[in-house]
Every structure is written in structure tokens, then in C-alpha cells.
Amino acid sequence: MSQHTVTRYRWFGIQAFTCVRLALVVALSTLGVQSMVGAQTLESGYHVSEVPLGKTVSRPALTYVRIGNQVVAAMIVGCGGATPTRESNGQARQDNTGGRCVQIRKISDGSLIRSFYTGNGLKDGDQMLYPMVGSPSVYPAIGLAPASRAYLGDAMGRLWRIDLRSANPNRWEMSIAWPMADDADAEFYQIGREITARPAVFQRENGQIGIIFGTGYSYRAEASAPHLFSLSDVLTLGGNDRLEFQSKLVWKMPLRQKEQLSGEVAVRSGGAYFTTVETGPFNDGSTLERGRLYGVHVDKTTDNYFTTDGRVQNVVPILPTLVTNDGQRVIDAIAIRLPSGRVAFGVALVVSPSCKEDEEPTTEVILNLAAGRGGNGRGGGSARIERKTGELVPGSLDDDFLSDGKNDVAIKIASPGGEDTPRVGAAAAPFPRRVLYWGSSYVQ
Amino acid sequence: MKKYFCMALLIGWPALGTAQDNLPPEVMFLIDNSASMRLAPTSPRADRLPECNESFVVREREVNGVIERRVTLSDEPLIQTRHLSALQMVRNVLGGNPINNLGDPNLITCFRDQAEFPRNVAQAGYLELVNAGRVMGDEALAVPDPNDAGEAIFYRNLQGQCFDFDPARPDGCRPIRLVDENTPDLRFANDSALERYATRVKFGMMTLDDDPGTSRTWPRLLGRNSSFGTDEGTTRQAVSAASQRFPGLLENAFIVSRLSAPDAINAPNFGARGPGGGQPGDLIASNTGDLLNGTRRPFEPVADDGVSLERHTNYIKHQVRRLTAFGFSPLTGLIHDLKYYYQTQSGAAAERFGLLPDLNYARRTHVAVLITSGGETNFYGSRNCVRTGFRCQTPPSFPYNSMQSYVDTMRETVPGFRFVVIGVGLADDRRDDLRSLVTNDSDLFNVSSMDEMRNAIERVLVSLDADRKSKVMPLVITPDRGDEVNDQVRQLRVVAYSTLAASARYGRIDVSAFGCRRQAGQPDTGRLKLIEGQSIDLAVKLAQQDMRTVVGNVHRRPNRVGESGFTVLGNGNSLFDSNGDYRGAASLTESDFRDVAQIEDGAPGDSLMEIAFKALSGYVGPAATPENRGDCTPACGPDPENVRQLGEIIEGDLIAVTPPRLAVDSPGYRRFEQEQSERPTLIVSGANDGQVHFFRASDGREVFSFVHRRSIPNLKHGVENPARMGADTLLANRDMLLCRSVDGDGARDCPSDSENFVFRTIVAGAQGQSGRNVFAIDITDALPQIKENTQDQPLAHDTIKAWEAGLGFQGATGRAGQ
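Order-wise, the sequence lines are chains A and B.
Count along the first sequence from 1, then add 1087; that gives the number in the numbering used here.
Count along the second sequence from 1, then add 607; that gives the number in the numbering used here.
Printed below as a string of C-alpha cells:
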């Protein structure tokens, strides 16, 4: 049995498009913007990304951008990855394979304002060879001001910067903020671990813009161990008397080989708070994942010190004085190790009012502990304290172990005498006076 | 029995520890790759071989204003079929669908009669050898038992099986492979059913060895179809003894001995193919073999970490794609060899086959999944019975014990053992035979399509996960003016996760209310405490809700009339009425909707449209059917026949849409702020039911949901498998000034005068792991639907505006995004 179907060729359309493109190139050249030939922007009259989306795992950033004399609501998004396979995220591809791009779209109708990919808008010959799986952060992020810059990571562990200062989208450009080329600080760094979480972008005490981000899943055996990095991105006078961004490493914090950042880094009052997940098996035979909540100072560093597993650190813990159930005070805690098998993916920082009239509100950390295996929090293990050296403090925080409702558990970490002990600078660490971890109990 | 009990004490009890362990479970696929897997369960042909249809494609192009028509370049018909063979289903479901120019994995190309095998095309990975009769000639097909039409047997060395068969050198036959080592992985879509579990499960694969070799042949025949496992009843005496019970056995044995390998009579070791050099069909232990940058490394040890497991899974996928169907079905031997395989993993068996023991064997869960399309070959008589026309009188499994006995043994001795059968078009009697092998009826599937097979495999894999999973950041909400909550409530703390119900995964969102509550006898710490009776499970609320409102958006209106936005379900002019009948809209007739949803034209109210309606309604997965009247998970609702479910949430997000809180002083903003000041706070979350859900935080009502355009084609899968529709996604939201001019008078849609500023409430997101799409939704005008006292107002088609960027969308400017 034969069937007849009809398919129309679209040759005419293809030829027409090519003509438009050629005309555009000529027009741009005539206007003296040869350096931008190939840039596809709203201003240029056509804006079709030659690189398709991958699996879109990037959280869009909602922001404003300047286009001529207009400030337009826009979305910035990484194009994703896993094209064609997740493993291919670790493969350098020069053929503009899906996911190796960043798009900026108008919120009003979704039209493409600007797309960045290899050969289009990348500075100094940078190449976007790996999928842009990271979620972008913008600065400034509040109010109605247009963003001057945005940051997001790729699957290979490079942090990209988008320079949005110009009112002409043709002049926006992307460059690699980390690892820094020709910089001794970055020499140790072997790319290979993806940066997926939205970087924390904040203003430092000295006014500089800071960025904290971490690396996770590895696509390469030779990749550096997972790290947290704190950068400052400053404007310096570059070639042609132009102010250009230049990043500087403030600190680097190596994690354990099988420990990865989970979720986003939250910055509040000079502290960076983040969670990690470490996979086993461990020396004690356990294979349960280990979750940690860290608190480190965003600016300050100290002399190098070694951890018990041989890492060299210079970060300054910012957790308050913690007290174990047997009364031991720990003043150099860098992390709270969650009950074995309980893991968290990011934190929520919240100011909770006090139920006492004469007491000030308290900043709290909330974790979702719905996932994981092992003890369910009430009867299956307890939270532990880790010193900055990685040493696990004997005892637990059971005395303050609180349980509310059907699904949540909480731990209250009270400071002795009801006061936080100042440990950073002259002022008392404002955060946290209380840490809650909370979520749904796990039932095997 | 006593022996088994003792072994269980030694080995089985530690398996209980598995529940507290985080070891990746092992899933061993036992794939029947005999000739009967070449049959298509849906084929109308009497022999059930795939039926191919011929069609001509007439193409048109415009040349100088004249339409030129012509048939395809070769002027030859396309020969295609939708009747996929059982093994093709296995290849596609486990290995990923070939990326072909047909755009439909269920449509594959057949060969023309007498056509030369287009090897270069086969290497590309998208051509199927579907119609054996056409390709090989009907003489290649032998049906040994007229009463068993489902059993087609090919002999390996028949002409049709070989790419380059030379009668003078029959042993030089190279089996036809649909794909080979040169086929790049990128020819296949990243949609294997194993994909989501690639870094969390240790997969293995066993296929059939129908060559009566011996275990002694390994490793001499390494990489050449060697046998695996020990022999059972292997001596001539055993055969003699058996002949007392089975008349005619010796005659058969004589035939075998004369015509087949000398070892056949003494050591007829059938069952599983042995581990080898990475040839198709070789046994792949769960801890050996990987694929690194396209290179097969069959002996590479595999650890339990995600990177190693993913490479190993890629190896499995690669090898599955290379399987072809031929030969007999010694299934009992296969199960016998599975038992032996577990012994090698435990370290109890001699390492004669080079397998590495699993150091965590006792703590690991072990699942075996048998995929088969038909009965078992009466194998001891084997191919010679077929060739000579002798009828073999021995039991099908001889000389092995019964399949049941092996499964029972493994159930008692293998840690965390579970046996699952996925039949492909099984006849009723065969299905009944296999049912006895599984513990629960839910472990026996009988599938007839790729979708059903995928659902079955995913159901098995989902059940291996921890019962609660979540990577969702918590959300804390401070109630605002529009939130009608108890006076005590100061905070709502929200977490999302997914949990198992009826062996499928669903989403849960807990909203816990915290406030100032004095506990009798407790000192007042000032700390916020949980307020009893004020906490909500949004999934429960959704199940109990009387009606839901679903909105969507099409960007390429099929008939270019009407509006692009539409209401799918709910009050007003929704596409479906409450009974599931399609009412349609100007922009989306039933035919248009079928086009968008990729549902072929059929009678109004046909089953696929009903399925789409059920998926949109949230009646998805096994837990959508009440176990008994009044017994529902998570809660019963107004429909006694269906339970509305929330799709799984693992990777996604929780965001809160609050009333405007911008610190902006402008007339335009003040107007916006005033209009929206009593807007109830919304909790927004994507879920893998294909929708982004908007819940009112104060009482948990879902005020509406948004179905992705990209998810609509997946609706037809959703009722069976709630994880297939995809929208477990990252989100962002912000009240935004769409455009302002910074100098001059500005344009009408981009004013410079702050009096005319237009603020909108935007929710945006990406589609996550399930697709390629980003979208934005403007919910500013949905205020009546969000507020409790006006929530039942009909939703106009343009109340909620949206765009999606992964669809070749033509933006309002007329310029194309991509």
C-alpha cells in the first residue's frame, strides 16, 4: 500500500536568510564596526543564536540591561548542557554544539537581545568549548538599575564574566574570570569540575565586588579537588585607556576529594554559608553520605594551616562558639557535620522575630534535610562539630536537639551565657545566634 | 531448605543492612536476544514479523516562480514500519533512541527486497533490520512448532544473518550489526531509560549463549561467544539416567553429538554468554567495563562513584545498541548462570571467568530484570532438532533444574534480591508461567510498545531509590497583608521533596507554620515554634481540591488565528470540559491540539486524548487509582475513581511570589503596588508532571498551573509514568519594569515618564534535565484567580501571558529567536 505525502523545500528561505546576513556584514563593515562582525544582537537587526539550547539546567537571572536609551527587563541564562550526552559536557567542542552559549532575552516577548558563543562576543579569543550549565548572578541585583556585569560557570569549572556596561549590546562581551590567565594564583587549578550553582555576588568591606563560587562534579580525572573560591573583580585601566575587569583571588578553600559544594553559597554580614556533600566509603566502613554546613569569612584570611587530611587552608571560620552536649566550647568551628546520611542542598537565611518582647530578632539558617539515608534525625545520629582543621570534636549537639511537628527537626546552638563570643575583628559576629536544620524526616 | 536458611543467616541478613546503606544497587538485565525477539508484538502479520509499508515522498520547490514537484532523489519509495521488534525496543529504551531524520523513534526504515545491506547507513545507527523475510528470504525462518507461532528460530550461520556470508567459509560469517564499534554515541539521543540513574545504579547485562560449549572454553574463546557459568547435569551418565525418564533422549543426544560440537553431550553449557573482549552480547558484570571517550574498556574495574558508574552505564548502553536477535532461548540456563554470577560476586565461586568479586556484595541490593518475548527453546535437542525435524522430548530446560528453583535459591541467598520479568507481547499462558517467578504481581510486566517498556524499566529503577529525595533549597515566607493565616503564625517554612507511592515517585511540599506558642511547663525561649494544625502538605491539598486550572501557550498557532494563550482546564472557555471532552478554542482546534500534543488523529474522545486529559488533571501514575474506596495516597479527592497527584520534585525549586516589595518611589510603581498589595503570597514549584504549580501559601490551594509547551507532547506518557512529562525545574521571579527610556520622551511601550511605568510580576524558568526550553510567565493580571474571594472567576486566554524560547519562537518583534 502506497501513501503520498508532500514536503516543501525551504530553499528560498535559506537563500534569503543568507542574503540578509551578507548584507548585514557589509552594512556593519560600512559603519566601521568590523570588530563586531558576526555579533548578532537586537541592535544589529537580526539576532539568531547559531548555537541551540542544551538541556536547560541553568536558573535564569531576571535583570535589566541598557539598550541605547532604554533600560529593558531581561533574562540571562546559560544554554545548558548534556548535548548529546551528559558525559559530553566534559568534551571540548568547537562546532557550537548545543549548550555552549549564553543568551540574553527580553522579558516582554522573549526575543533574543544578544547571544554569546565561540566566535560571537567572547573577549580575546576565548572559546566557549564547554556547556554553560551554571546559573548566572548579576550585579547590581536590586532596584531598577541595569546590570553592569553577570557571572556564571561552565561544565569545566571556568567562571565567565559578562560585561554589560555598554549601552550598545554589540559591545557587550564575555570573558573568563577564573581561572585567570598568566596568574600565579591560578596555576594550581586544573579545570574539569563543573560550576553549576549561582555564584554569590556581594560588596566587600573595601567596596570591591566579591564573588564566591564552588566546583562540583568532575568530568576529568586530572581535575583539581573540589574548591570554594572567593574572588574580587575590580576595574583596572587596560589597553586603549579602557576600564576593564580584572579578577583577583582572595582565598581558595580546598574541600576533601569526594566532597562537593551542594546548592548555592549564601552571603550575609561578612559570612559565606554553604553546604557540601561528601560521598563514601569512609574509613569507618560507612558508605552513608556526609552533609556539612560551613561558615567562613568572605574577606579575611589567616596564615596557612593544615587540616588533618593534609589540605592547606587559610580561610577564617565565622561560625559562633559552639558547645557540645558535654559542655565543651569550640571556638574554631568551621562546619557542622549533619547526622550521618543526612544531606542538604543550600541554605535559607532568615530573620526570625523573637517571641519575647525585649529580645531582638535572630538570624537563622534553614536547611532542607528531606533527602538522604540513614538516621532520621530524631533517633539516628546527631550533629557534630568540625574544627577548622577538620578535626571532629567529641560529643554532639544532642542537648539542643529539638523536634517540631511531624517532619521537622531542629538544632539550637546556644552560646554560653547567651552571648556570642566575638571572634572576628572587634565586633561580635552577628550571625548566627542560632542554627536550625530542619526538613522532612527520612524514613527508609 | 535448612541449608538455605543457614546461608540466609550468613549472607541474607547482612542484606538488611542495605536499607541503611548508600551503595548503588545492582540491576542486572537478562536480555533474551534469541530470534523470537525479532518479532513485533503489534505486527498484524501472521508470523508477527514487522510489517513494512511503502510510501513515496513528493517534494516541492519553487524555481523561478514555478512549483517543481518530484519524487525523492532516488525516486524510490520509503519503506517504513511502526512495528518495532522486541529487541529494537530494548535497544532504544536502554541504549537511547537513534537520532534519525524521521523525527520519530517509533518509525523506522525497512530494507527493500534483495537490497544490498547498506552498511554505512547501519553504522550511522539509525537503520533497522526489521523485516527479516524481506531481507533474508523466508527460507531463513523456521518455526519449529506449528502451535508456537511466536517462536521464530534462526540459525546463526544461515545466510541472512551474515553481512558477508560465504558458503565456502561459513565460520567466517560476520553477524550483521545495526551499529558497530564505529558508530558514534552522538547518533543516539540522550533519552535512555538508564539516563537518570547512570550515576546511581550499577547496571549489568547478560545475554543468551545457545552454543553448546563448555565452561572450559573460557577464556580460550575469549571474545568469541564463549560460555559462562558451570554446567548442570553435565555427564554422559546424567544424560543416560535422564533417558530413563525421558524416552528418546539418547536418540536426540546422538543427533546432537554427531552434528554439533563434541562437547555438547558431555558438557552442554548454555545460558549466558561469557565475559569477553567487548563483543556484543558478552556478559557485563556490574563492576567491570566502561566507555571512556568512545573507547570500550571491557576489563576496566568500576567503582561506586558517580563518574565511574556513568562511564559504565555508557558502556552498557553502547553494548545494548549492538545486540542482534538470533538463535535459541535457553532461558533456564541463563537464570542458572545468573546464580553463578552472584557467586562470583560474593567471592564464593572460583574466579574462572575473570570476574572481580564485589567487596560490598553483602550490603548491596541486587535486582535481576529478565526481558523476554516468548517461550523457552527445547534446547538440549537444540538446533539439530530444528534442522532435522526431530521433535525433542526432553523438558525445555533439560538438563537444568527448573527456573523456579534457581530463582527461589537466589531469593534466599543473594542479598536484597528481587526478580523482575518484563515480557514483550507475551501470550497469556507464558505470562502465567512467568508470574510464579516474581514475588509480587507488580514485578511482572507485559509490554507491547517502547513507551510501556520504558515505563516498566523506570518503575523498577524508581523503586530502588531512597524513598525520599530532594535537592531543593528551603523557602521561608513571612506572611503579608494578603495572607489569611492564623494570628499566631509568623513564618511559613517550606520544603519540597519526592517520595515513593505505589512504586512511582511523586512530589510533596510541606508548609510548616511557625509562631509564638507557649508550651505548658516549658521555659519561654523566645524561639518560634511549630503551630499545631496550621501546617499543610500541598500535595494533600491538591488531591482534595475540587477543580484545577491549567493554562498554556502555543507560539506557532497552527492555524494562525486566535490567541496564543489558552486555558486547558478550569472555568470558562477551557480546552477540555470537566468530563474530558475537547471543546477547543479558536487558536487550538482539536486537530491543532493533537498536532501540538503529537497525538495522531482519531475519533473524538479516543484513548490518547483521554490520557492527555488525565495527565493534565494530575491523574498520573499508579497512585492515581485508589487502592480501595477511601484509601488514597496522599489523600482522596472529590473524584472517587481518581487521585490527583503532584509530580516528583527533586532537582527543582521553590520560590515565593510576594506582594510588591520594591523600594521604588514612582507614580507607576505606587499604582502597581497598590493594585497588588493584597495579593496573597504564592509558592511556586515546577514538578515532573510537566507543570509549574502556583499554590496560595496561606491555605495551599493551587490557584493555577502552567503547562510547558515542551511538556505537552509528553502528556501521552504521563498517566503511566508521572516522571516523563518533565518540569522539575529551576525558577526565578521578580516584579519588573518592562522598559523605560532614560532620556527623551520615550516610546509608548517604553516611557520615560515614571507616571507611565509599567510593572509586571514575572516568573521565569528553564526546563531542567527534561528538555531544552526557557520561559517567562507574566501573572500580574491573574490577581482575581489568586485571591480567595474571586478565585473561581473564569480565566481569559490572555490573563496569563507567557513565552518560551526553546521552540523556534517568533518574538513579537518578528525576529526569530532559537
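Glycine included, every Cβ here is placed at the ideal spot set by N, Cα and C.
This structure is a prediction, so every number in the text was calculated from the model and none was measured.
Interface flag, residue i vs chain B, CB-CB below 7 Å
i	result
A:Q1157	yes
A:S1469	no
A:T1143	yes
A:S1224	no
A:P1341	no
A:R1146	yes
Any chain A beta carbon closer than 7 Å to residue i
i	result
B:G883	no
B:L1145	no
B:G1133	yes
B:G672	no
B:V1381	yes
B:D798	no
B:S1077	yes
B:A892	no
B:A553	With chain B running from 608 to 1425 in the structure shown, residue 553 of chain B is simply not present.
For residue i: DSSP bridge partner residues
i	result
A:E1346	A:E1365
A:A1359	A:V1354 and A:V1383
B:C1357	B:A1354
B:T895	B:P908
A:D1320	A:I1296 and A:S1334
B:H1300	B:S1292 and B:S1312
B:H973	B:E633 and B:F1024
B:F877	DSSP output for B:F877 lists no bridge partner at all.
A:H1314	A:P1341
A:W1247	A:L1239 and A:I1263
B:T1336	The partner list for B:T1336 (beta bridge, DSSP) is empty, contrary to what the question assumes.
A:G1167	A:M1219
Through-space distance from residue j to residue i, alpha-carbon basis
i	j	result
B:D1405	A:S1136	28 Å
B:M1332	B:G1297	5 Å
B:R1234	B:L1071	According to the sequence as given, residue 1234 of chain B is Glu; it is not Arg. One C-alpha to the other measures close to 22 Å.
B:R726	A:L1199	Legend: pLDDT at B:R726 = 39, less than 50; position of this residue unreliable, value from coordinates given subsequently. Whole-angstrom Cα-Cα distance: 43 Å.
B:D588	A:R1416	The structure shown does not extend to residue 588 of chain B, since chain B spans only 608 to 1425, so no value can be given for it.
B:P1086	B:I1262	14 Å
B:N640	B:V914	29 Å
B:Q695	B:D798	15 Å
A:E1478	A:T1395	6 Å
B:E1217	B:G1187	7 Å
B:R1251	B:A1231	6 Å
B:S1274	A:Q1347	It is worth fixing the name first, because residue 1274 of chain B is Pro in this sequence and not Ser. If you take the alpha carbons of B:P1274 and A:Q1347, they lie about 48 Å apart.
A:R1252	B:T806	41 Å
B:S980	B:L1033	6 Å
B:S1361	B:S1181	37 Å
B:S1012	B:K946	11 Å
Subject >> Positions along the stretch 1079–1107 of chain B whose CB lies within less than 7 Å of some CB in chain A >> reply: V1079, M1080, P1081, L1082, V1083, R1097, Q1098, R1100, V1102 and Y1104
Subject >> chain A contacts from the stretch 1289–1305 of chain B (Cβ-Cβ distance under 9 Å) >> reply: none
Original post:
Name the residues in the stretch 1425–1448 of chain A whose C-beta lies less than 8 Å from a C-beta of chain B; which are they?
Top reply: For chain B, the residues of the stretch 1425–1448 of chain A that bring a beta carbon within less than 8 Å of one of its beta carbons are G1428, F1432, G1433, V1434, A1435, V1437, S1439, P1440, S1441, C1442, K1443 and E1446, in chain order.
**OP:** Output, in sequence order along the chain, the residues in the stretch 1159–1171 of chain A whose CB is closer than 8 Å to any CB in chain B.
**Re:** V1159, A1160, M1162, V1164, G1167, A1169, T1170 and P1171
Subject >> Selection of the stretch 899–926 of chain B by Cβ proximity to chain A, strictly under 8 Å >> reply: Within the stretch 899–926 of chain B, the qualifying residues are N900, D911, D912, G913, V914, E917, R918 and N921.
**OP:** Could you list the residues in the stretch 1376–1408 of chain B with a C-beta less than 7 Å from some C-beta on chain A, going in chain order?
**Re:** Against chain A - using a Cβ distance shorter than 7 Å - the residues of the stretch 1376–1408 of chain B are Q1376, G1378, R1379, N1380, V1381 and A1383.
Subject >> Contact residues within the stretch 1335–1356 of chain B, judged by C-beta distance below 9 Å to chain A >> reply: T1336, L1337, L1338, A1339, N1340, R1341, M1343, L1344, L1345, C1346, R1347, S1348, V1349, D1350, G1351, G1353, A1354 and D1356
**OP:** Give, in chain order, every residue of the stretch 1260–1274 of chain B whose Cβ lies closer than 8 Å to some Cβ of chain A.
**Re:** D1260, L1269, A1270 and V1271
Subject >> Contacting positions in the stretch 1179–1197 of chain A - beta carbon closer than 8 Å to chain B >> reply: G1185, Q1190, R1192, K1193, I1194, S1195, D1196 and G1197
**OP:** Taking a Cβ distance cut-off of 8 Å, strictly less, list which residues of the stretch 1349–1365 of chain A are near chain B, in chain order.
**Re:** S1349, G1350 and E1351
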